[in-house]
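Novice:
In our numbering, the protein residues as written are 119 to 198.
And the structure:
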């Protein structure tokens, strides 16, 4: 199976589904949901799989952006 938006692997009875869209902070699209559904269906049909885990392939950009927001609070504007 080839996917665009997710990484999917099965090993030792575990199916791992990872969102892999770091350039858009792993935002979901219709295609992302379709791929997750296909991966879950594949895992369900594989009798060797006992559990499916969804994870996010993280590059650090989102956390870094949130950290910067916390460090630079907006200053209130007073009327003249």
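Glycine included, each C-beta is placed from N, C-alpha and C at the ideal position.
What would DSSP say about residue 161, mapped onto helix, strand or coil?
Specialist: Note: residue 161 maps to helix in three-state DSSP.
Novice: Could you tell me if residue 157 is buried or exposed, where buried requires 16 or more neighbouring beta carbons within 10 angstroms of its beta carbon?
Specialist: Residue 157 is buried by the Cβ-count criterion.
Novice: Buried or exposed: residue 166, going by 16 or more other Cβ atoms within 10 Å of its Cβ?
Specialist: Per the 10 Å Cβ criterion, exposed.
Novice: So, helix, strand or coil for residue 167, using DSSP?
Specialist: Here residue 167 sits in coil by DSSP.
Novice: What would DSSP say about residue 119, mapped onto helix, strand or coil?
Specialist: Coil at residue 119, not helix or strand.
Novice: How far does the beta strand (DSSP E) with residue 126 in it extend, from its first residue to its last?
Specialist: Element bounds for residue 126: 124 to 129.
Novice: In terms of alpha-carbon separation, which member of 131, 155 and 121 lies closest to residue 139?
Specialist: The shortest C-alpha separation from residue 139 is found at 121.
Novice: Could you tell me the alpha carbon to alpha carbon distance between residue 135 and residue 142, rounded to whole angstroms?
Specialist: For residue 135 and residue 142, the distance between alpha carbons rounds to 18 Å.
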